[in-house]
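A short worksheet on the structure shown next.
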Amino acid sequence: MGYEVLVPMVVMVPLLGAALALVFSRRLRVQAAITGGALLAVAIIGAVLMWQVDVNGTVVMAVGGWQAPVGIVLMVDRVSALLLTVSAVVLFAVLVFSMGQRLADGDEEAPVSIFYPCYLVLGAGVFDAFIANDLFNLYVAFEILLVASYVLLTMGGTAARIRAGVTYIVVSLVSSILFLTAIAMIYGATGTVSMAQLSSRVADLDPGMQLILNLTLLIAFGIKAAIFPLSFWLPDSYPTAPAPVTAVFAGLLTKVGIYAILRSQTLIFTDSDINTLLMWIAGITLLVGILGAISQRDVKRLLSFTLISHIGYLLFGVSLNTDLGSAATVYYIVHHIILQTTMFLIVGMMERMSGTTSLDGLGGLARKAPLLAALAFVTAINLGGIPPFSGFIGKIGLLSAAVEDPNPQKYIIIGVGTLVSLLTLHVLIRMWSISFWRPKNKENELLVPGSILDRLVQAPNPEIARESRSVPALMTASAVGMVAITLLLTVFAGPLVAYAERAGKVLQDPAAQVDWYFQQHEVKEMP
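What the sequence shown shows, in the numbering used here, is residues 15 to 541, in sequence order.
What follows is the structure in structure tokens.
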């Protein structure tokens, strides 16, 4: 029995855990233990698969022995194994954070008896997306994410959360309809939805048809990834959710969309060149995101806009369509999953201590919570790309890949990316200085005067400010652990970059993935 039996376990374990957690709906500690155990199991399986695929190559499994195009085929290579492991670790860390919040607040934030099952279902959707080798299974993974994320987003039932949830689900349903339409068109044109088989069959289609199919999928995935101009929904949706939910959404969900774009461009549409379009979209996404962040006075919305700008970096890496570009993208995805999640956990702690995330109400936290100030500072400068941290390594990797085969467009995007990096650092350090260094009763001199402009930069439907509360030890431990992981990305940057380079070569060699698929399943490509 080979390692392929582990592949479906990354989805089965959290789904079975969710079902078991529902059985113990009145025993929250048991629910938490089941959830934590399931995520740790997935993290261990992911680590084993990372080692296995790095040594022996891609692992493929046809569920139930049914081959494509009828059956469901799951495939794990270096990229998917790495993202499985990182996602499971991040989900576990956020779970610890949420447990600390629940123990301190009880049921104030949400009906937690359904939080743990939905949390595991969300994890199952993320894991399924990373191992899916056919478009329909990827669609199912997205729908699992949609159902679970809507429940998590609206927990607590406040007006702002319900409104944000409605916006989120409407936008997500539009994306799902486009995705399903694209799947139907692709199946009608090629007779399969298997990515391995599509890699050869799509190349035989008319270039115009390839472009139509490619752009349809790009729009569907672009909504999930929040690329410009499809990112309008994100800043109003994520900040309204409880802190643990916001952290998971910001860290993981948009990366699933980027992963889907990366897979489709490197495996399916190898002859349909939209790299120039992707590069321009990446540049605009970078600018729109950071300009939106500059104008914000709410920390959650500020970070939501910086999230959009960082999606631009990832899309830029995809558009390079080279070994180095894919390697830098893989490394940057890992960096951003961990850093963005960590930053939102820290903001959740800031909100507990100050009762608000508005820059008008924050201040003086450095004296009140020096450990939190240090955690926020390290995370902010890392996210801003200061050397020698992983943010700097990732951006240098992207820029180095771009100048490998330079042209005027790449130089323009390099300039935009450099400017955005400096502006990101400015925005995050300004946020840190106002929240931690400035005395709380001092007027914020950075705010733009005038009632109209003030209303433009205020968060719509803001949550009512609360009294300050202490931060439980579990929440602090989770944040400290995540910051430690961000530092490990720098300490072990050499091995991780080398792994990402090997993963990038796999992404840029679709024939190798197809060969593994047909070799392991003894399937001959039909004409």
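Cβ atoms here follow ideal geometry from the backbone N, Cα and C, with glycine treated the same way.
Endpoints, the beta strand (DSSP E) within which residue i is located
i: M75; result: 73 to 76
i: L266; result: Per DSSP, L266 belongs to no beta strand (DSSP E) and is neither H nor E.
i: V90; result: 87 to 90
Rounded straight-line distance, which links the Cα of residue j to that of residue i
i: A341; j: L412; result: 9 Å
i: M293; j: L160; result: 28 Å
i: S323; j: F246; result: 12 Å
i: M403; j: D220; result: The sequence shown places Phe at residue 403, not Met. Computed Cα separation, rounded: 46 Å.
i: G114; j: L194; result: 40 Å
i: P509; j: L386; result: 30 Å
i: I426; j: P420; result: 10 Å
i: I288; j: Q224; result: 11 Å
i: L321; j: A491; result: 24 Å
i: T432; j: F406; result: 11 Å
i: R177; j: D312; result: 18 Å
i: T72; j: M89; result: 7 Å
i: A47; j: Q279; result: 40 Å
i: G60; j: V24; result: 8 Å
i: Y182; j: G369; result: 26 Å
i: E477; j: E365; result: Unreliable positioning characterises E477 in this predicted model, as indicated by a pLDDT of 48, which lies under 50. The coordinate reading is nonetheless provided below. So the alpha carbons of these two residues sit roughly 11 Å apart.
i: L34; j: T230; result: 39 Å
i: G265; j: V185; result: 19 Å
i: G518; j: T336; result: 8 Å
i: S39; j: T355; result: 27 Å
i: L353; j: T500; result: 7 Å
i: V154; j: Y201; result: 16 Å
i: R215; j: I275; result: 19 Å
i: M199; j: R277; result: 18 Å
i: T99; j: H349; result: 13 Å
Short Cβ contact (9 Å threshold) for residue i with residue j
i: W451; j: A380; result: yes
i: G326; j: G297; result: yes
i: V140; j: V270; result: yes
i: G377; j: I448; result: yes
i: T438; j: G408; result: no
i: L545; j: E418; result: Lying before the first or after the last residue shown, residue 545 is absent from the chain, which here runs from 15 to 541.
i: T343; j: L328; result: yes
i: V262; j: L105; result: yes
i: M169; j: A32; result: no
i: T393; j: M357; result: yes
i: F144; j: S101; result: yes
i: H44; j: A210; result: Looking at the sequence itself, residue 44 is Val, so the reference to His does not match. Going by C-beta atoms, V44 is not nearer than 9 Å to A210.
i: T371; j: P486; result: no
i: Y130; j: T49; result: yes
i: A107; j: M64; result: no
i: L267; j: K314; result: no
i: A173; j: C132; result: no
Supposed close pair residue i, residue j - CB separation, criterion 8 Å
i: I347; j: I272; result: 7 Å
i: Q310; j: L316; result: 4 Å
i: P28; j: G137; result: 5 Å
i: L192; j: I233; result: 6 Å
Cross-strand partners of residue i (DSSP beta bridge)
i: A107; result: Paired residue(s): none; A107 is not in a bridge.
i: D312; result: S372
i: S208; result: D148
Limits of the alpha helix (DSSP H) - the one that residue i falls within
i: R381; result: 379 to 382
i: W446; result: 422 to 446
i: T49; result: 42 to 70
i: E157; result: 149 to 167
i: Q224; result: 221 to 239
i: L34; result: 23 to 37
i: Y513; result: 507 to 521
i: V417; result: 404 to 418
i: P401; result: Run containing P401: none; DSSP gives neither H nor E here.
i: D250; result: 248 to 251
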